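According to my numbering, the sequence shown is numbered sequentially starting from 791. Below is one structure, written out as structure tokens; the observations come after it.
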Amino acid sequence: MNDKRLPPDDPREWLRRAKSNLSQAKGGIVLPNVYLEDLCFQAQQAAEKALKGVLMALKIQFPYTHDLANLLTLIEQSGQIVPQRVQEAAILSDYAVEARYPGIAEPVTRQEYEEAVSIAETVIEWAERIISDVIKK
């Protein structure tokens with residue numbers, strides 16, 4: 791990863807952080823004693839930061855929230871078309887809180903983990919295209 795940081799108001803920095811979270815979500819699977827819930831939290835964080843990067847690129851203020859449905863709604867309200875697979879990121883919101891603490895939610899299955907990572911990857915790829923297009927203008 792590039793150690794040179796961009797300013798925090800640069801959407802590309804948010805995208806870098808999203809990719810860092812995604813790397814943790816994907817790489818953590820090989821580590822011993824790691825809960826899938828924790829890796830799903832990293833996938834949720836990846837999607838959240840990518841969506842916030844899109845909002846920054848579009849010059850849309852956003853609340854400090856982990857609610858991805860809320861962030862997706864703000865993007866759609868700007869007139870930006872959000873593909874169905876990206877909209878599915880809303881299901882990752884549960885991993886922001888409930889899945890991180892013992893006894894609040896059921897343990898995450900391997901299939902749920904893989905789906906969370908897949909969705910986060912899709913969100914980041916989409917966000918990268920949007921941010922790149924906006925910056926080029």
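By construction, the Cβ of each residue, glycine as well, lies at the ideal position given by its N, Cα and C atoms. Since we're looking at a predicted model, the values are computed, not measured.
Minimum Cα-Cα distance from residue 877 among the listed residues 857, 853, 921 corresponds to 857.
Following the DSSP letters along the chain, one finds residue 852 in no alpha helix (DSSP H), marked with neither H nor E.
Collapsing the DSSP output to three states places residue 892 in coil. The Cβ neighbour count for residue 901, taken over all protein chains shown within 10 Å, is under 16; the residue is labelled exposed. For residue 859, the enclosing alpha helix (DSSP H) stretches over residues 858–867.
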